[in-house]
Amino acid sequence: MPHNIAALATVVSSRAIRVGHEKSFDAWAERICADAAQAAGHIATIRLGQTQGLQHLLFQFAAQAEAERWKGGEDFRRLTGEADGFSTGLDQVKAGERVRFELPSEASAAKWKRFVTTWIAVFPVLLTISSLVRLVLKDLPPFVQLIPSSLLLTASLQWVILPRLQRWSRSWVLSNAHGDLRKG
């Protein structure tokens, strides 16, 4: 059956999944996708994985009223409440042939939250590395001691600390004051 393209509506449900709950999200995504497929006016569902731990589900409906009815229904509220136990979310609805959504991303993280989490992770590593380098290279001038210290710190940040830190803190740094994901 052809659809009136101008009346189409899209619901985007974005989720930052907490570490260790990826399987819970996958099972939940299957349930909410099945629920949407049973809703009046449902046309299609698309799942997009932006980065590890950040997922987007797009549900397309024949009309905005049908999308709003599904999003406002008891099943949707129950399912999103369940997902709030293992993720931070943001749900958006727009209608029309051409719509634009601002999706949550690492770039939308609160800068002060990113600063706090990075400093907490970096300080003990920096303290350990600089203490060891000063102990081993005590006869060299401080600026020379900084060369191996900076190399070790940068390498540990790049390959060990920051990937784990971003994964662990994603839900918190991407959430706004209301507990929803920040966008744009």
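The numbers in the sequence shown follow the numbering used here, run straight up by one, and end at 1233.
Glycine included, C-beta positions come from ideal geometry on N, C-alpha and C.
Using a Cβ-Cβ cut-off of 6 Å (strictly less than) and excluding sequence neighbours within five positions of residue i, which residues of its own chain qualify?
{"i": "Ser1198", "result": "Ile1178, Ser1179, Val1182"}
{"i": "Leu1186", "result": "Gln1194"}
{"i": "Gln1113", "result": "Ala1058, Ala1144"}
Specify, as a first and last residue, the run of the alpha helix (DSSP H) that residue i falls within.
{"i": "Phe1164", "result": "1160-1185"}
{"i": "Ala1116", "result": "1113-1120"}
{"i": "Ile1196", "result": "1191-1205"}
{"i": "Arg1147", "result": "First-last for Arg1147: undefined, no H or E at that position."}
{"i": "Trp1221", "result": "1211-1222"}
{"i": "Arg1231", "result": "Counting along the chain, Arg1231 falls outside any alpha helix (DSSP H), and DSSP gives it neither H nor E."}
{"i": "Asp1133", "result": "Neither: Asp1133 is in no alpha helix (DSSP H) and is coded neither H nor E."}
{"i": "Glu1155", "result": "Taken as a continuous stretch (DSSP letters only), Glu1155 belongs to no alpha helix (DSSP H), as it is neither H nor E."}
{"i": "Asp1075", "result": "1071-1087"}
Taking the alpha carbon of residue i as the reference point, which residue from the options has its own alpha carbon closest?
{"i": "Ala1089", "options": "Val1148, Asp1229, Leu1186, Gln1109", "result": "Gln1109"}
{"i": "Ile1210", "options": "Ile1169, Asn1225, Ser1220, Gly1228", "result": "Ile1169"}
{"i": "Phe1150", "options": "Lys1162, Ala1159, Ala1156, Asp1140", "result": "Asp1140"}
{"i": "Val1060", "options": "Ala1093, Ala1076, Glu1071", "result": "Ala1093"}
{"i": "Leu1202", "options": "Val1222, Ala1159, Leu1176, Ser1220", "result": "Leu1176"}
{"i": "Glu1131", "options": "His1070, His1227, Trp1208, Lys1232", "result": "His1070"}
{"i": "Asp1124", "options": "Ala1056, Trp1077, Val1142, Thr1167", "result": "Trp1077"}
{"i": "Ser1062", "options": "Ile1095, Ala1056, His1091, Ala1086", "result": "Ile1095"}
{"i": "Ala1111", "options": "Gly1121, His1091, Arg1127", "result": "His1091"}
{"i": "Pro1212", "options": "Asp1084, Ala1083, Thr1166", "result": "Thr1166"}
On the DSSP letters alone, give me the boundaries of the beta strand (DSSP E) that residue i sits inside.
{"i": "Gly1138", "result": "1136-1144"}
{"i": "Phe1108", "result": "1103-1110"}
{"i": "Gln1099", "result": "1091-1100"}
{"i": "Arg1064", "result": "1058-1066"}
In chain order, what residues of the same chain have a beta carbon less than 8 Å from the beta carbon of residue i, not counting five sequence neighbours either side?
{"i": "Ser1205", "result": "Val1174, Ile1178"}
{"i": "Leu1128", "result": "Trp1077, Arg1080, Ile1081, Asp1084"}
For residue i and residue j, I'd like the C-alpha separation in whole angstroms.
{"i": "Glu1079", "j": "Pro1191", "result": "57 Å"}
{"i": "Leu1214", "j": "Trp1119", "result": "36 Å"}
{"i": "Gln1104", "j": "Leu1097", "result": "6 Å"}
{"i": "Trp1221", "j": "Ala1116", "result": "29 Å"}
{"i": "Phe1172", "j": "Arg1163", "result": "14 Å"}
{"i": "Ser1154", "j": "Ile1196", "result": "34 Å"}
{"i": "Glu1146", "j": "Leu1152", "result": "18 Å"}
{"i": "Val1142", "j": "Leu1106", "result": "12 Å"}
{"i": "Arg1064", "j": "Trp1208", "result": "25 Å"}
Kindly list the residues whose CB is nearer than 7 Å to the CB of residue i, restricted to its own chain and excluding five residues on each side of it in sequence; keep chain order.
{"i": "Ser1073", "result": "Phe1135"}
{"i": "Ser1157", "result": "Leu1223, Arg1231, Lys1232, Gly1233"}
Inspect the beta-carbon positions of residue i and residue j and report whether they are closer than 9 Å.
{"i": "Ile1066", "j": "Arg1219", "result": "yes"}
{"i": "Gly1138", "j": "Asp1229", "result": "yes"}
Should residue i be counted as a contact of the ligand MG given a C-beta to heavy atom distance under 8 Å?
{"i": "Leu1106", "result": "This structure lacks the ligand MG, and indeed carries no ligand of any kind."}
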